[in-house]
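Heads up: the sequence shown begins at 12 in my numbering, then just goes up one per residue. Taking it in order: structure first as structure tokens, then the write-up.
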Amino acid sequence: MDTYRFRKQIHKLPGKVIHRVPLPEPQVVEGHGVRAKIGEICGECGYKHVLLVTDQTLQKLGYEQKILDSLAEVGVECTLFANINSEPNIVLIDEGRKIAMESKAECVIALGGGSVMDTSKMIAAGVRMPHLATRSLLLKFLVVPGKTLPMISVPSTAGTGAEITVGAVVTRTRGSKGSTVIVGLDVTHVILDSELTIHAPQLVTAACGMDALSHVVEGSLSDVAVYVEDAYHSLEGVRLILQHLPVVMREPENIESRLAMCRAAMYGGNAINTQLAGYVHAFAHSIGAKYHIPHGQAITLMMLPVLKFQKAACLSKYAMIARFCQLADDHADDCHAADNFLQAVSDLIITCGLDKLESPVQPADYEELTRMITADSINYSAPMTFSEEDIRRVLERVTDVR
């Protein structure tokens, strides 16, 4: 059997598998400066000592101080682990895990972007299994007896959705990346604080917003049966981003729109948990790894080429998104509504100033990229299965021919 037929036969399997993984059900607290409530939350939970994980950049900006002050006010001791300056790797996780165990931390507070979140997840899991070496935690499915240490997620960007996703991406000793699904991840609270995103550079805001958009769009298109609430959150995430990302690009200090983007990013994380992703991510992951370009930019580069290529297979779902977002009325035919949705995505990319991104893709790399994209796509339940020829045709649309 060729790989295309095999992938087509098993394309629903990832969705069935992920639905067997228990998902976090956190309490969500949102507002401007609400990370100052973390001390109160920890006090109510009865914690005596917590571990605060953040990165060096956020520490230099002093963003952790409100959390530290709030913990001190209620008498909760805190150990700070702020050595993160790269993507999660075994050395960082091992260091943080040892600090957590030595301090007898009862909770992990994660303040930062995807790297901080994933590092914190692995620390929270590793503390529960002290008999295992850190490298032994990097399994496809890491089953934690009971649950991980409780975790309070405080995302500093509105993009990855890593504050609630059960997955973590870790760089192994030899430099390769591996993804782990943590069975038993216990995220008890998500703190959506617009103050953390309000001063982000425009390029970061734009790229993170496009990443979040890819999550909720691909969630809405996924061939995975989900609860009505999860499907609604994905559609609502699309609507929020189309409405509010242009606002924060024009008005960086618009608190209402910043909070809306934080909420949409969290919905994107829920979409990853319940509906997985699709070929936008398969292409972006592979191109990002091959050419070392930021994930948000790789997502933006591949968003429209992939969405346009699969339009025929997704026509009714594109139309559904358009109608939900009021891009087309209920009487518009599906083709017209789908075109309006694609145009809205195109307009958003232009509004974000990302329409001039240079593509690194070269024809000489098609064979290698096709293998990478094919392998990555097996992790998803996409609405259609791309053949190797389909993948090449999409790559041709973004090839640098200079």
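Every residue gets a Cβ at the ideal spot worked out from N, C-alpha and C, and that includes glycine.
Taking C-beta atoms as the reference points, Arg261 and Phe320 fail to come closer than 9 Å. At a Cβ-Cβ threshold of 9 Å, Met112 and Pro156 do not count as neighbours. Assignment of Cys219 by DSSP, reduced to helix, strand and coil, places it in the helix class. Pro166 carries a strand assignment under DSSP once its states are collapsed to helix, strand and coil.
In the three-state DSSP reduction, Ile304 falls in the coil class, being neither helix nor strand. Of all alpha-carbon atoms in Gly279, Leu207 and Ala136, the one lying nearest the alpha-carbon of Val154 is that of Ala136. When the five nearest sequence neighbours on each side are left out, the beta carbons in the same chain lying within less than 6 Å of the beta carbon of Glu206 are those of His43 and Gly44, in order along the chain.
In this structure, the straight-line span from the alpha carbon of Arg408 to that of Arg46 is close to 44 Å.
The Cβ atoms of Ile175 and Pro305 lie no closer than 9 Å to each other. When DSSP reads this structure, Thr90 sits in a beta bridge with Leu62. Where Glu41 is concerned, the enclosing beta strand (DSSP E) starts and stops at Gln38 to Gly42. Out of Tyr377, His303 and Ile252, the CA that lies nearest to the CA of Ile332 is found in Ile252. Cβ-Cβ separation between Ile95 and Thr145: approximately 15 Å, too far for a contact (criterion under 8 Å).
In the DSSP assignment, His244 falls within the alpha helix (DSSP H) that extends over Val239 to Arg261. Asp341 sits in coil when the DSSP states are folded into three classes, being neither helix nor strand. Sixteen is the threshold: when 16 or more other Cβ atoms of the shown chains lie within 10 Å of the Cβ of Arg274, as they do, the residue is buried.
Boundaries of the alpha helix (DSSP H) harbouring Asp401: Glu399 to Arg408, taken from the DSSP string. Per DSSP, Asp366 lies in no alpha helix (DSSP H) and is assigned neither H nor E.
Sorting Ile49, Glu378 and Arg31 by C-alpha distance to the C-alpha of Thr199 places Ile49 at the top.
Going by C-alpha positions, Pro263 is about 37 Å away from Ala323. Rounded to the nearest angstrom, the gap between the Cα atoms of His342 and Ala309 is 35 Å. Judged by DSSP in its simplified three-state form, Ile175 adopts coil rather than helix or strand. A distance below 9 Å separates the beta carbons of Ala121 and Thr65. With 16 or more other Cβ atoms from the protein chains shown falling within 10 Å of its own Cβ, Cys89 counts as buried.
Look at Lys23 here: in three-state DSSP terms it is coil, with no helix or strand label. Just so you know, the alpha carbons of Lys19 and Val239 end up roughly 26 Å apart. Assignment of Leu224 by DSSP, reduced to helix, strand and coil, places it in the helix class.
Gly189 is positioned such that its CB atom lies closer than 9 Å to that of Val180.
Sorting Leu406, Ile402 and Thr410 by C-alpha distance to the C-alpha of Tyr15 places Ile402 at the top. Cβ-Cβ separation between Gly289 and Ala393: approximately 4 Å, consistent with a contact (criterion under 8 Å).
Counting along the chain, Thr130 sits inside the alpha helix (DSSP H) bounded by residues Gly125 to Val138.
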